[in-house]
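Below: one structure, written as structure tokens.
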Amino acid sequence: MAKKSKQMRAALEKIDSTKAYSVEEAVALAKETNFAKFDATVEVAYNLNIDVRKADQQIRGAMVLPNGTGKTSRVLVFARGAKAEEAKAAGADFVGEDDLVAKINGGWLDFDVVIATPDMMALVGRLGRVLGPRNLMPNPKTGTVTMDVAKAVEESKGGKITYRADKAGIVQAIIGKVSFDAEKLVGNFKAFHDTIVKAKPATAKGTYMTSVTITTTQGVGIKVDPNSL
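Per numbering that gives the first Met the number 0, the sequence shown starts with residue 0, numbered consecutively.
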């Protein structure tokens, strides 16, 4: 078993692992116990009692956090003609067609979000094996396959996050940076929480949220009481 660092032990001493905190308490503890030497990311993880093998219990989507993520996403857009110009004007970092496909197939992955107009999806489909496993494949459900490329680029640059339940029913998302004011982190958490609550499948049985945890990069997980919201 790996030996815990002095900083990790100090952080663990401040957190009651048997307690589920209010979101305000959890955010305060996350900021207090963070020991990373950089502006750590704050994340939330939901363990949901769903069966993602069933089509009507899959949870996936996107939303714009009210206070942003603290991260500037590098946005790549597959578009041509007027839509390509629209994407560039909106601030897309990379815009192209076959040239970008060749570059990505060559191993280049220096981007965070991929957007495409519907007419470009036959081309983008060639990259399924590369983009799919990295959760970068454009999808209408997350607003990344669209004719309104300007809006998609602006949202991606302004705090849009995507989320998806994995095979175990766990949904993870960024809600900001440790440097954020606590109020902004709480606001982002509550906005995302409301989204997950509304996404509850009608066919899901029993307790929907079995656990909710806030953590920071390299930090300690802090349980949140979903009933406190």
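Each residue gets a CB set at the ideal place from its N, CA and C atoms; glycine is no exception.
Query, Result
"Test item: CB-CB of Asn-66 and Lys-183 under 7 Å", "yes"
"Beta-carbon proximity check, Ser-155 vs Val-112, cutoff 7 Å", "yes"
"Alpha-carbon spacing of Ala-115 relative to Gln-57, whole angstroms", "23 Å"
"Test item: CB-CB of Asn-104 and Thr-209 under 7 Å", "no"
"Meets three-Cβ-pair contact criterion under 8 Å: the region 69 to 80 and the region 145 to 161", "yes"
"Given Arg-52 as reference, the closest of Phe-37, Lys-166, Val-76, Ala-201 once Cα atoms are compared", "Lys-166"
"Length-filtered (3 minimum) beta strand (DSSP E) runs lying within the region 101 to 135", "112 to 115"
"Same chain only: Cβ atoms within 6 Å of Asn-187, ignoring 5 sequence neighbours per side", "Leu-64, Asn-66, Ile-174, Gly-175"
"Secondary structure, alpha helix (DSSP H): runs of 4+ residues fully inside the region 8 to 82", "22 to 32"
"Cβ separation of Leu-122 and Asp-97, assumed to be a contact under 8 Å, to the nearest whole Å", "7 Å"
"At least three beta-carbon pairs within less than 8 Å, the region 206 to 221 to the region 23 to 39", "yes"
"Helix, strand or coil at Gln-171 [DSSP, three-state]", "strand"
"Within 7 Å, strictly: CB atoms of Val-219 and Leu-11", "yes"
"Cutoff 6 Å; reference Val-22; Cβ partners in own chain excluding five residues on either side", "Val-185, Phe-188, Val-223"
"Identified DSSP bridge partners for Ile-221", "Ile-213"
"Local conformation of Val-94 per DSSP, three classes", "strand"
"Extent of the continuous alpha helix (DSSP H) to which Thr-161 belongs", "No alpha helix (DSSP H) holds Thr-161; the beta strand (DSSP E) holding it covers 159 to 163."
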